[in-house]
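These protein sequences, in sequence, are chains A and B.
The numbers in my numbering rise by one with no breaks, and the one at position 74 of the first sequence is 76.
The numbers in my numbering rise by one with no breaks, and the one at position 59 of the second sequence is 179.
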Amino acid sequence: GAGVSQTPSNKVTEKGKYVELRCDPISGHTALYWYRQSLGQGPEFLIYFQGTGAADDSGLPNDRFFAVRPEGSVSTLKIQRTERGDSAVYLCASSPRGGSLAGANVLTFGAGSRLTVL
Amino acid sequence: QQQVKQSPQSLIVQKGGISIINCAYENTAFDYFPWYQQFPGKGPALLIAIRPDVSEKKEGRFTISFNKSAKQFSLHIMDSQPGDSATYFCAASLSGYNKLIFGAGTRLAVHP
C-alpha cells in the first residue's frame, strides 16, 4: 500500500479484556516496528521484526504483550488482561530493510491505534 | 545510557522567526540522529536526519546542527510558518540496531 495502515484507529476496552491491534506495512518493507506513545511523550520502542521473526523484543513491558508477523507482512500486537496503564497510542512503522544497511533507519509510521482501557 | 533529553517542552514563535529545539544524548555509540514531525492524529514523519561525521545538515528551511563533543544536536527552523505548528521529536539510534530512542517532544506553535 501507499502507507502504513493500522486498525482499529480507536479501541475502547475494559480492564482485563484481550485486545488485538493490526498493522499493514508498506508493501515490500521487510522490517516492521511497534512503538507505544503515551500522552505527551515520545514513542517508546516495543518490538522489531525482520521478516517473520522478532529480532528485538526488548521493549515489550511484560508477558501480557505479544506480537506476531507470520507471513512477513501484516503484524498483530496482542495484549492480554489489559490494564488502565496500557492506555496509549500504539504506533507501527516499517522500513525497507533492517540491520546496518543504508536506509535501515528510515522508518515510516502509521497513524496509530489509540487504546483506552477503562 | 539510552536516554535522549529534549528541550523546550513547548515553544511559541512568530511567523517568520527562527524555531530552535535542542537535544542531548548520553550514549556515545549513537550514530544516527533523526528529527520527526508529528501532527495531531498522525504518526511521526521523518523530517531530516544527520550522522556524526558532519556538523550540520540543511534541507530547505530545516537545519540540524550537531556537536559531537558536547553530545548535543539541534533543529533550526528558519522563516517559521503556521503550517510548521506540530510536535517535533528528536531521536537517536545505533547502526545495526533498529531501536530509535525518542526524546519527549517539543510542541511548536507558530503564530501568524
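Glycine included, C-beta positions come from ideal geometry on N, C-alpha and C.
Contact of F209 (chain B) with chain A is assigned, a C-beta pair being separated by under 9 Å. Secondary structure remark: continuous beta strand (DSSP E) runs of at least 3 residues inside the stretch 29-76 of chain A, in chain order: 33-39, 46-52, 55-58 and 67-70.
A Cβ-Cβ distance of about 5 Å is found for the pair I170 (chain B) and K177 (chain B), placing them in contact under the 8 Å criterion. Within the same chain, Cβ atoms closer than 6 Å to the Cβ of F186 (chain B) are found at I170, S175 and F193, the five residues on either side in sequence being excluded. Membership of D26 (chain A) in the beta strand (DSSP E) is indicated by the continuous run V21 to D26.
Under the 8 Å Cβ criterion, the stretch 196-203 of chain B counts as touching the stretch 129-136 of chain B, having at least three qualifying pairs.
The shortest CA-to-CA distance from K80 (chain A) to any of A:V70, A:R86, A:S89 and A:L41 is the one to A:V70. The residues V14, T15, E16, K17 and R86, in chain order, have a CB closer than 8 Å to that of L120 (chain A) in the same chain once the five nearest residues on each side in sequence are set aside.
Counting along the chain, I168 (chain B) sits inside the beta strand (DSSP E) bounded by residues A165 to I170. Taken in chain order, the members of the stretch 147-180 of chain B whose beta-carbon sits within less than 9 Å of a beta-carbon on chain A are Y152, P154, Y156, Q158, G161, K162, G163, P164, A165, L166 and A169.
For L195 (chain B), not one C-beta of chain A is nearer than 9 Å to its own C-beta.
Inter-residue distance for C143 (chain B) and I168 (chain B) is about 14 Å (C-alpha atoms, whole angstroms). For Q192 (chain B), the enclosing beta strand (DSSP E) covers residues Q192 to I197.
Interface flag for F186 (chain B) against chain A is unset, since no Cβ pair is found closer than 9 Å.
Here G74 (chain A) has G53 and T54 as same chain residues with Cβ atoms under 6 Å from its own Cβ, once five neighbours each way along the sequence are excluded. Beta-carbon to beta-carbon, Q158 (chain B) and F209 (chain B) are separated by about 7 Å, close enough to satisfy the 8 Å threshold.
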